[in-house]
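Protein chains: 2
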Amino acid sequence: MREVAIIGVGITKFGELWDASFRDLGIEAGLKAMNDANLTGSEVDGMFIGNMSSGSFIAQHHISALIADYSGMASQNVPSTRVEAAGASGGVAFRQAVMAVASGMHDIVVVGGAEKMTDVSDEAANSILDSATDQQWEAMFGATFPSLYAMIARRFMHEKIATREEIASMAVNSHAHGALNPDAQFRKAITLDTVLRSSMVSDPLTVFDCAPISDGAAAVVLCPLDAAKKYTDRPIKVTASAQASDTLALFQRNDITTFGATAAAAKRAYSSAKIKAEDISVAEVHDHFTIEGIMALQDLGLFKKGEAGKAVKDGQAAIGGKVAVNTSGGLKARGNPIGATGVAQIVEITKQLRGDADKRQVKDARYGLAHNSGGTGSTVVVSIMEAL
Amino acid sequence: MREVAIIGVGITKFGELWDASFRDLGIEAGLKAMNDANLTGSEVDGMFIGNMSSGSFIAQHHISALIADYSGMASQNVPSTRVEAAGASGGVAFRQAVMAVASGMHDIVVVGGAEKMTDVSDEAANSILDSATDQQWEAMFGATFPSLYAMIARRFMHEKIATREEIASMAVNSHAHGALNPDAQFRKAITLDTVLRSSMVSDPLTVFDCAPISDGAAAVVLCPLDAAKKYTDRPIKVTASAQASDTLALFQRNDITTFGATAAAAKRAYSSAKIKAEDISVAEVHDHFTIEGIMALQDLGLFKKGEAGKAVKDGQAAIGGKVAVNTSGGLKARGNPIGATGVAQIVEITKQLRGDADKRQVKDARYGLAHNSGGTGSTVVVSIMEAL
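Pasting the structure below:
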C-alpha cells in the first residue's frame with residue numbers, strides 16, 4: 000500500500016452564493032487546488048466528488064461526469080466518481096481518493112466536495128436534509144435532525160455530561176474562529192448570550208446551535224508521497240483515513256450520549272497512524288449542531304466524557320488552547336454546504352499543517368484531525384494528516 | 000497492488016416488485032451473495048452500494064448506512080459507501096470495491112447495487128432518469144434519453160453503420176436469452192417484427208428498443224485472490240476494472256456514432272488484463288436502448304464498426320455465436336433497476352465463468368466482460384473477469 004500526500008488545496012467562499020451555479024463552484028475549487036499543486040489538467044488521472052443531493056437541490060444527477068466535463072477532464076476520459084453519505088459525503092470521497100492512490104490504480108487524484116443548497120426554499124432544503132434520517136421509522140413520524148439532536152442535548156444535560164451553557168459554547172468557539180477566516184459564511188464573533196437568547200429551533204437548541212444552509216465547494220489534490228516533492232515543497236502526509244457505520248435511526252442505539260461510529264473510526268485512525276488522541280493539536284469536528292461537536296470531542300478522545308463542554312467553555316478548544324478545534328469556523332460559522340464540508344475540513348487542516356492559516360494559525364502543529372459525520376453519526380470518517 | 004477475486008454472488012428477481020421495499024431487496028441480494036461465499040457477517044470489513052437515486056425514488060438518502068444497518072453490519076461499524084454515476088452506479092461501486100481490496104485497506108468487501116423505481120409514477124420515474132442528462136443544456140430544452148438515443152440511431156442509419164432491423168435485433172437477442180433466465184423481468188422470446196411494430200417512443204425507437212423501469216438488487220463478494228480458496232473452490236479473478244468519463248451532454252461530442260468513454264475504458268481494461276477483445280467469449284453490455292448495445296459492441300472491439308448490427312441479426316451475439324452477449328437478458332429483458340444493473344452484470348459473468356448459468360451456459364468461457372454505462376456514455380466502466 001503506497002503512502003499518500005496532499006499536494007494542493009482550494010476552496011470557494013461559503014454562503015448564500017446566488018451568483019454562482021453548482022458547476023461554477025465545483026470548478027472554482029478544483030482549479031484552485033490544481034493551481035496550488037502546480038499541476039496541469041493532463042496530469043490528473045482520477046476524480047472523486049462528495050455531494051449529498053444535487054439530484055434534489057438542483058435536479059441534476061451524474062455530477063461526477065458534469066464536473067469532469069466542465070473541468071476539461073472528460074476530454075482525456077478521466078474517471079470521475081461521486082460518493083454520497085449525507086453529511087459525511089466529502090469525507091468519504093476523500094477516503095476513496097486516498098484508497099485510489101494507495102492501491103496504485105491512480106496517481107494524481109482531485110477530490111472535490113460541492114453543494115448548492117440555496118436554489119430551493121428553506122422548507123424544501125430541510126425536507127431534503129431530513130431524507131437522510133430513516134425515512135420509514137424517523138421522518139415519517141415527524142423526527143427532524145434538529146429534534147433528534149435536541150434529544151441528545153437533553154440527555155447530555157440530564158446525565159450532567161454537559162450543561163446548556165457548555166453546549167452553547169461550541170458555537171461561540173466556532174464563531175470566534177470563523178471571524179478570522181475570509182472564506183467563512185459568518186465572520187462575526189458571538190457571545191454565549193447570543194446563542195442562549197436566539198430563536199428556539201428545537202428545545203434546547205436555538206438557531207445559533209445549528210449550522211446554516213450554504214453553497215460552496217472545496218477540493219484537494221492527492222498523489223503518492225514519494226512523488227509529492229515534484230509538485231510542492233510542503234506536502235502533507237495522509238497518515239490515516241478510517242470510516243465506520245452505525246444504525247441509520249437514532250432510536251436503535253443503546254446510548255445516545257456517544258456515537259459508536261465516531262469512536263470506532265477514531266480508534267482505527269489512531270491505530271493506523273500509530274498515534275494517540277493527545278498527539279492531535281488541531282482538529283476540525285462535525286458541528287452541524289453544537290451538541291454534535293461537543294459529543295465528537297469526547298468520542299474522538301480529545302477530551303474526556305463529561306469534560307468537553309467545560310473545556311470548550313474555558314477556551315481549551317480555542318487557538319492556543321489544549322487542542323485548536325474548528326479553526327475554520329466549523330460547520331457553524333464557516334458554513335455547511337453538505338457535500339463540501341468533509342473536504343473543506345481537509346483543506347483547513349492542510350493549511351494549518353503547512354503554516355498557511357494566517358490569523359488563525361496554530362503554532363507548531365504536527366498532527367491534524369478531520370471528523371466528518373453523516374446523519375446522527377450513521378457514517379463517520381476520521382482522517383489524520385501529518386506535517387513532515 | 001493485490002489481485003482480487005469474486006467469491007460470492009447474489010441477485011433478486013427483477014421486475015415490478017410491489018411486495019418488496021428497497022431495504023428488503025438490498026438485504027436479499029447481499030445475504031444471498033454472502034451465503035454463496037460461505038461467509039458470516041463478522042468477516043465482512045467493507046461495503047459499497049451502487050444506487051442512482053433513492054433520494055428521488057423513495058425519498059431516502061444515506062442508504063449506505065441504511066444497508067449496513069439492516070444487514071447487521073452497523074453493529075460492527077463496517078464502513079459502507081454509496082456511489083452514484085447514473086446508469087453506471089453499479090459498475091462504479093464494483094470498481095471502488097476492487098480498489099478497496101487491491102489497496103489492502105479492506106479484505107472482505109460486499110458490493111451491492113439496488114434500485115426501487117416503481118413506487119413513483121412512470122412520469123416521475125422518467126423525470127428522475129432524465130435528471131442524469133445535462134439538466135441545464137439538455138433536459139431544459141426537452142431532450143430525454145429516448146430522444147438522445149433516437150438521434151444516435153438515426154445517425155447510425157444515415158451513415159449506414161447499421162440498419163433499423165439490425166438495431167432492433169439487439170432486443171431480439173436479449174429477449175431470447177432473458178427467456179432462459181429465471182430472475183429476468185421479461186422471460187419471453189420476441190421476433191424482429193415485435194420490435195418494429197411496437198408503439199413508437201422516439202422515432203425510430205419503439206417501446207421494445209427501450210429497457211424497462213424495474214425494481215431489483217444484486218451483490219457480489221470480493222476478497223484478495225490469494226485468500227479466495229478459503230471461501231470457494233471456484234473463485235473468479237477480477238483481471239481488470241477500468242473507468243472513463245466523457246462530456247455530460249451529447250451535443251458536445253464530435254461524433255455520436257461512438258462513445259469515447261467506452262473505447263477508453265475498454266482500451267485500459269484490455270491493456271491491464273493483457274488480453275485482446277477476441278479473447279472475450281461472454282459479455283454483458285449496457286443496452287438501455289438497442290442502439291446503445293449495438294454501439295457498445297463496436298466500441299468494445301467485439302465487432303468492427305459497421306458490423307455489429309449485422310452480426311447480432313445473424314446470431315453471432317447469441318449463445319453459441321462468436322461472443323455470447325447479454326446472456327442474462329441484458330437491461331432489455333433481465334430488467335434495469337438502475338443502480339443494480341452494473342452489479343447484476345458482474346453476477347451473470349461470474350455465473351458463466353463458474354459454469355453455473357444453467358440453460359444459458361456458454362461453453363468453455365475463460366474471459367468475460369461487463370460494460371456498464373451512465374447517461375449517454377458519460378461514465379463507463381469496463382470490467383474483465385477470468386475463470387482460473
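Residue numbers (numbering that gives the first Met the number 0), protein chains in the order written: chain L, 0 to 387; chain E, 0 to 387. Yeah, the Cβ is synthetic: ideal placement off N, Cα and C, and Gly gets one too.
The distance from the Cβ of proline 234(E) to that of leucine 224(E) is about 7 Å, consistent with a contact at the 8 Å cut-off. Note: glycine 367(E) is bridge-paired with Val281(E) and Met384(E) in the DSSP secondary-structure output. DSSP lists Ser244(E) and Gly373(E) as the bridge partner or partners of threonine 378(E). Under a 10 Å Cβ-count criterion, methionine 199(L) is classified as exposed, with fewer than 16 other Cβ atoms of the shown protein chains found around its own Cβ.
For the region 245-263 of chain L, residues whose beta-carbon sits nearer than 8 Å to a beta-carbon of chain E comprise Asp245, Thr246, Leu247, Ala248, Gln251, Gly259, Ala260 and Ala263. Proximity of the region 11-31 of chain E to the region 358-375 of chain E falls short of the contact definition, fewer than three beta-carbon pairs being nearer than 8 Å. Distances from the CA of alanine 67(L) to each of Ser102(E), Asp35(E), Ala260(E) and Ala36(E) were compared; the closest alpha carbon is that of Ala260(E). Looking only at His285(E), Gly319(E) and Lys304(E), the smallest Cα-Cα distance to glycine 374(E) is reached by His285(E). Interface with chain L (7 Å Cβ-Cβ cutoff): glycine 215(E) is excluded. At a cut-off of 7 Å between C-beta atoms, alanine 142(L) does not count as an interface residue with respect to chain E. Residues of chain E with a Cβ closer than 7 Å to the Cβ of methionine 98(L) are, in chain order, Met98, Ala99, Ser102 and Met104. At a cut-off of 7 Å, the C-beta of threonine 375(L) has no neighbouring C-beta in chain E. Taking 8 Å as the upper bound for CB-CB distance, isoleucine 293(L) and isoleucine 166(L) are in contact here, some 6 Å apart. Where leucine 24(L) is concerned, the enclosing alpha helix (DSSP H) starts and stops at 21-35. Along the region 59-85 of chain L, going in chain order, the ones with a CB nearer than 7 Å to a CB of chain E are Gln59, His60, His61, Ser63, Ala64, Leu65, Ala67, Asp68, Met72, Ala73, Asn76, Val77, Pro78, Ser79, Thr80, Arg81, Val82, Glu83, Ala84 and Ala85. Taking C-beta atoms as the reference points, alanine 227(L) and isoleucine 6(L) count as a pair closer than 7 Å. Within the DSSP bridge table, the entry for phenylalanine 47(E) names Thr80(E) and Val110(E) as partners. Phenylalanine 207(L) places its beta carbon less than 7 Å from that of valine 194(L). Taking 8 Å as the Cβ-Cβ cut-off, the region 111-130 of chain E approaches chain L at Ile127 and Ser130, given in chain order. The Cβ-Cβ distance between valine 381(E) and arginine 94(E) does not fall below 7 Å. Three or more pairs of CB atoms, one per stretch, sit closer than 8 Å, so the region 111-123 of chain L contacts the region 52-68 of chain L. Distance from isoleucine 62(E) to alanine 92(E) at the Cβ level is roughly 12 Å; contact not present, criterion being Cβ atoms closer than 8 Å. A Cβ-Cβ separation of about 7 Å places threonine 340(L) in contact with glycine 86(L) under the 8 Å criterion. Closest in C-alpha terms to glycine 305(E), from the list Met72(E), Gly71(E), Phe13(E) and Thr257(E), comes Thr257(E).
The C-beta separation of glycine 29(L) from glycine 45(L) comes to about 13 Å, leaving the pair out of contact by the 8 Å criterion. Listed along chain E are Ser52, Gly54, Ser55 and Ser130, each with a C-beta nearer than 7 Å to that of glycine 54(L). DSSP places aspartate 129(L) in the helix class (H, G or I) of the three-state scheme. Under the three-pair Cβ rule at 8 Å, the region 327-342 of chain L does not count as touching the region 272-281 of chain L. In the three-state DSSP reduction, isoleucine 6(E) falls in the strand class (E or B).
From the listed residues Gln251(E), Gly314(E) and Thr39(E), the smallest Cα separation to aspartate 133(E) is found for Gln251(E). Under the Cβ criterion of 7 Å, methionine 0(E) is counted among the residues facing chain L. Burial of aspartate 298(L) is indicated by the presence of at least 16 other C-beta atoms within 10 angstroms of its C-beta. Restricted to the region 286-354 of chain L, the alpha helix (DSSP H) segments that are unbroken, complete and at least 4 residues in length are 289-298, 307-312, 329-333 and 337-353, listed in chain order. Proximity to tyrosine 269(E) across His370(E), Asn325(E) and Ile345(E) peaks at His370(E), based on C-alpha coordinates. DSSP places isoleucine 274(E) in the coil class of the three-state scheme, outside both helix and strand.
Pairing glutamate 137(L) with leucine 387(E), the inter-Cα distance amounts to about 48 Å.
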